[in-house]
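**Q**
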Amino acid sequence: MSADVTRRVEVYPDREVVVEFDPELTFECVEDCTWCCHHGVLLYDKDLLELAQRANLAETTTDFRGEKFVTREEKGRDDHVDDDGCACAFLRDDGLCTLHLEEDWKPTRCSVFPLAVFLEDGDLHVDIRDSAHEHCEGLNVSERKVIENLEAFLPELLWELENPDSDREL
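Under UniProt numbering, residues 1 to 170 are what the sequence shown spells out, in order.
(1) Hey, how far is the Cα of VAL146 from the Cα of ASP104?
(2) Excluding the five sequence neighbours on either side, which residues of its own chain have a C-beta within less than 6 Å of the C-beta of CYS36, listed in chain order?
(3) Would you please state the rounded distance, in angstroms, between the beta carbons of CYS86 and VAL70? I believe it to be under 8 Å.
(4) For the candidate residues VAL9, TYR44, GLU16 and HIS38, whose alpha-carbon lies nearest to that of ASP63?
(5) If we ignore side chains and look at the alpha-carbon of each, how far apart do ARG72 and ARG65 end up?
(6) Taking just the CA atoms, how far does ARG109 sit from residue 173?
(7) Would you say the region 132–145 touches the region 89–98, given that touching needs at least three Cβ pairs under 8 Å?
(8) From this set, THR98, LEU99, ASP14 and CYS136, which residue's C-alpha is nearest LEU115's C-alpha?
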């Protein structure tokens, strides 16, 4: 989307984003698409506190470049995994997420997908991740407009972070 058609959208009171994607874009997770679970999930401090209530951090997290991520592990199958055979430690054999389904919780980075989040000139910007255009099967398959459901994708925590940029991967 070009700069002349970006728009500011209030997601929460006094918390807005600059939207850089087509406002007609829709997204809904589709069955058997676990592409977003292959990369290693960055955990912010609040995510770590939440995860500690649900899992053993020593077994389910790893440090990479000074940041905490959910461990990626070999899954021993060909579906629901990346080219190296690994995926998020919480991805079940059926392709569903233990944290989301059994704990009714998602780390911030999981909520954000397929959006790219970044700071520019002091403003929080959102766009669709470049890689999502190539791999995510949930784009434009439903009636659920992303721009009308931004609170589902963007936890308030993002406005509190010094670096909410979503391009950091394990």
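Glycine residues also receive a C-beta, built at the ideal position from the N, C-alpha and C atoms.
**A** From the atom records:
(1) Residue 146 sits at position 146 when you count from the first residue of the sequence shown. Residue 104 sits at position 104 when you count from the first residue of the sequence shown. Spanning the two alpha carbons is a distance of roughly 21 Å.
(2) Mapped onto the sequence shown, residue 36 falls at position 36. Answer for CYS36: PHE113, listed in chain order.
(3) Taking the first residue of the sequence shown as position 1, residue 86 is located at position 86. Taking the first residue of the sequence shown as position 1, residue 70 is located at position 70. So it is not a contact: roughly 11 Å between Cβ atoms.
(4) Counting from 1 along the sequence shown, the entry for residue 63 is found at position 63. Residue TYR44 is the option with its Cα nearest to ASP63.
(5) If you number the sequence shown from 1, residue 72 lands on position 72. If you number the sequence shown from 1, residue 65 lands on position 65. Near 15 Å, if we compare the C-alpha coordinates of ARG65 and ARG72.
(6) It is not possible to answer for residue 173, since the shown part of the chain is limited to 1 through 170.
(7) no
(8) Counting from one through the sequence shown, the residue named residue 115 turns up at place 115. Closest option to LEU115, Cα to Cα, is CYS136.
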